[in-house]
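Reminder that position 161 of the sequence shown reads as 170 in this note's numbering, one-by-one numbering, no gaps.
Have a look at the structure below before the remarks.
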Amino acid sequence: MVTKKNIEDSMSFEEFYRLTEKLVKNKDSSGNNKSDAYINYTKLTFARMKRILKTTQISQSTIEVLKNLDKPITLLVLIESWCGDAAQSIPVFQKMIEHTPNINFRFLMRDENPELMDQYLTNGSKSIPKLIALDEQLNELGTWGPQPQFLKNWLKEHKANPKMQISELKEQFQIWYTKDKGMSLQNEMLDLLKEWNK
């Protein structure tokens, strides 16, 4: 379970964004893997985050629901700087929560918090981003991640009946994210927030 110390040790979106920016500048990556590939993934992640923050539009219907959330919720995300799915989803969530004062959006690095990550595995793997919703007493309300449901279903289908290399599938995922423009993420998160706000 998430502890008070986890929250105290966590960072804001702005802090995570600045950390990623600094890692790019220093040709580095967060987490245990410091390979050239992960350093490049961090660079790509930061570029995507910047673009999505500038281009994402939050629908008026979404804004209305967000304004009516009346229970304080903490959304704690397990993450790393190199994560491609995080680059696509986290900026959309950030744009959403700007429309409500009742969400505390916080981040913890996955590899620095293995005990917590081990409680939130996806099919046995440490897939990120993993979002954990908590009430004021840090009781778990639910989770989300590491991808929108459409992509989870696509990945499940691929594992059952592979039709392309995993690298090609990941490219197709990025194309889907670009075409979707964060709408699936908004709708999924909206449904969850309504549930968690009850």
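All residues carry an ideal CB built from backbone N, CA and C; glycine is no exception.
Keep in mind it's a predicted model, so treat the numbers as computed, not measured.
If you follow the beta strand (DSSP E) that Gly93 is in, where does it begin and where does it stop?
It is not in any beta strand (DSSP E) - Gly93 instead sits in the alpha helix (DSSP H) that spans 93–106.
Put Ile67 into one of helix, strand or coil per three-state DSSP.
Coil, per DSSP.
Per the DSSP calculation, Gly191 is bridged to which residue(s)?
DSSP lists no partner for Gly191.
Am I right that Ile16 and Arg115 are in contact with their C-beta atoms under 8 Å? What's the rounded C-beta distance?
About 6 Å separates the two Cβ atoms, so the contact holds.
Going by other Cβ atoms of all chains shown within 10 Å of its Cβ, with 16 needed for buried, is Gly191 buried or exposed?
Buried, by the Cβ-count rule.
Using only the alpha-carbon positions, how far apart do Thr2 and Val101 sit?
Residue 2 is absent from the model: the chain starts at 10 and stops at 207.
Assign Lys46 to buried or exposed, taking buried as 16 or more other Cβ atoms, counted over all protein chains shown, within 10 Å of its Cβ.
Here residue 46 is Ala; the residue named in the question, Lys, does not match the sequence. With fewer than 16 Cβ atoms within 10 Å of its Cβ, Ala46 is classed as exposed.
Could you check if Met10 is buried or exposed, using at least 16 other CB atoms within 10 Å of its CB as the buried criterion?
It counts as exposed.
In whole angstroms, give me the CA-to-CA distance for Thr51 and Ile61.
Thr51 and Ile61: Cα-Cα distance of roughly 15 Å.
Excluding the 5 residues flanking Leu117 on each side, which residues of the same chain have their C-beta closer than 6 Å to its C-beta?
Correct list, in chain order: Ser19, Leu87.
Exposed or buried, Thr54, counting other C-beta atoms within 10 Å across all chains shown (16 or more means buried)?
Buried: at least 16 other Cβ atoms inside 10 Å.
Using only the alpha-carbon positions, how far apart do Pro171 and Leu130 sit?
Those two C-alpha atoms are separated by around 23 Å.
What is the residue span of the beta strand (DSSP E) that Met118 lies within?
Taken as a continuous stretch (DSSP letters only), the beta strand (DSSP E) holding Met118 covers 112–118.
Between the beta-carbon of Leu201 and the beta-carbon of Gly151, is there less than 8 Å?
Yes, the pair counts as a contact, with Cβ atoms nearer than the cut-off.
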